[in-house]
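What follows is one structure encoded as structure tokens, with my remarks underneath.
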Amino acid sequence: MKIILISVLTLFSLIQSQASAEEHSAEALLLQMNQASQQLNYELSYILIKKNSIEPLVFRHASVSGHRLAHLVYLSGPVREVIRRGEVVSYIEPGMEPFSIQSGQMIAPLIPLLNSDIKTLSQYYDFVLMGRSREAGSASQVVRVVPKDGTRYSYMLWVDEKSSLPLRADLVDRDGEVLEQYRTVSYSVNEKIAEYMSRLNDVELPGVITLPESKTTVSSWQVGWIPDGFKPHNLHRYKMLKIEKLVESQMYSDGLFNFSVYVSERDSTSLQGHLVRQGRRTLQSYVKGNKEITVVGDIPPETAKHIAQSVVFNSGTVKQKALSSKGEQPVTDEGTQP
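Using mature numbering (1 follows the signal peptide of the UniProt record, and there is no 0), the letters of the sequence shown correspond one by one to residues -21 to -1, 1 to 317.
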């Protein structure tokens, strides 16, 4: 009996060691992918597949004398482009004036985890090697990125064995349903891309928008529960046009997914427990007393509902925490939303 027990414990220890080694290997692969995506000169032509649409895009990246250049182009419909030159990102969208902002992040449909902080994400996600496959004509390693707490979505990533660039990403819900896909059709890694991209330095782009300085604010509500890893960002207060309804909102992010909480006075348009889910995006409303709470973001409906119901209101006021690019700091932005 003692021999059997020792054998079982030894087998269990071996299984644990193998799982730990695979997780470490998967994390190392993602770190290599992250480094390659920031240092190589490359072009990715891919399609973003959603439930009711397919969007073709091309993304080019180059590092010229330590200066990062990136260019995303939408290949169908009106002209739409996002250009990054160092820490300045410019947006060219139909129906609005082009503008630039000071930022190291492009708000655009890029292949997920392209510029994510893998070390930070490893605190809240498990990285699991799933084996080898083939994507865009190249051998790839498949990695599953799954939340440790089960409160958010997962990703399946196909990482090119030669370049370490991501060639495919599937967003998967907790039932295993694929909500959207990024699939590379063709890609190239060569120095000529750097020569081509260096021309962006000579392109005349709109000046950087100067945002007003943030001010400390307080509010009568706070979120009682959020999944581990989500950090609060700017707290906003504004009036909705036409109906003059005052709304406060705060965004949360874990570096991979985002959601926002909106709080306003209850009125005749408020809906108790209203739920809308479209692909990755969930909208969950909840009425508590004379307040309407709405959670909108890239999270499962169950998580959105839990967050909305956790919001508490105080008779006085509480300081809302927020994160700025310089660290933790309460901020506010008052105005009117168009």
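Positions of the beta carbon are idealized from the N, C-alpha and C atoms, including for glycine. On a predicted model such as this, the values are computed, not experimentally measured, just so you know.
Under the three-state reduction of DSSP, which class applies to residue i: helix, strand or coil?
i	result
D149	strand
N213	strand
A118	strand
S142	coil
K218	strand
K127	coil
T273	strand
E156	coil
N293	strand
L8	helix
T189	coil
D181	helix
E227	strand
K267	strand
Y175	helix
E1	No answer about E1 holds up, because its pLDDT of 49 lies below 50 and its placement is not dependable.
S112	strand
S247	coil
N169	coil
T195	Any reading at T195 is ruled out, since the residue's pLDDT is 47, under 50, leaving its predicted position unreliable.
Rounding to the nearest angstrom, what Cα-Cα distance links residue i and residue j in this structure?
i	j	result
D246	S95	40 Å
V226	E244	8 Å
Q288	E22	44 Å
V187	Y175	24 Å
T273	Q18	40 Å
P279	N31	19 Å
V242	E271	6 Å
V68	I80	6 Å
A5	V121	9 Å
H285	L93	30 Å
L9	Y103	15 Å
D277	G45	33 Å
S16	R63	14 Å
V197	L214	9 Å
S101	R47	26 Å
A87	I26	13 Å
G234	L54	27 Å
V275	K171	42 Å
P73	P185	15 Å
P145	H50	17 Å
V202	E183	44 Å
E1	S143	The predicted model places E1 with a pLDDT of 49, which falls under 50 and marks its position as unreliable, so this point remains unresolved.
G258	L150	10 Å
S82	T189	12 Å
T130	F236	11 Å
S199	Y231	18 Å
P126	E66	30 Å
E156	T261	15 Å
E281	R256	11 Å
residue 368	V61	The displayed coordinates of the chain run from -21 to 317. Any statement about residue 368 would go beyond what the structure contains.
D154	Q263	19 Å
R123	A7	13 Å
Q11	N269	51 Å
V266	S24	45 Å
S119	N293	53 Å
E34	A148	14 Å
Y70	Q84	12 Å
K141	R162	17 Å
Assuming residue i and residue j form a contact by the criterion Cβ under 8 Å, report the distance between their Cβ atoms to the nearest whole angstrom.
i	j	result
P206	Q229	In fact, because the Cβ distance is near 15 Å, the residues do not count as touching under 8 Å.
I90	N13	With a Cβ gap of about 12 Å, I90 and N13 do not count as contacting.
S117	D139	5 Å
I28	E159	6 Å
V58	V37	About 13 Å; that fails the 8 Å criterion.
A173	A283	With a Cβ gap of about 43 Å, A173 and A283 do not count as contacting.
N169	N20	7 Å
V240	V290	7 Å
S165	V43	Not quite, the Cβ-Cβ distance comes to about 23 Å (not below 8 Å), so this is no contact.
Quick check on residue i - is its C-beta less than 8 Å from some C-beta in chain D?
i	result
A41	Among the chains of the structure shown, chain D does not appear; only one protein chain is present.
Taking 7 Å as the cut-off, is the C-beta of residue i nearer than that to any heavy atom in the ligand ATP?
i	result
V290	Of the ligands one can find in the structure shown there are none, so the ligand ATP has no counterpart to examine.
(message) At 3 residues or longer, what runs of the beta strand (DSSP E) sit wholly inside the stretch 18 to 101?
(response) 21 to 28, 33 to 43, 46 to 53, 60 to 64, 67 to 71, 78 to 81
(request) Tell me, please, whether the stretch 106 to 121 touches the stretch 135 to 147 by the rule of three or more beta-carbon pairs shorter than 8 Å. (result) yes
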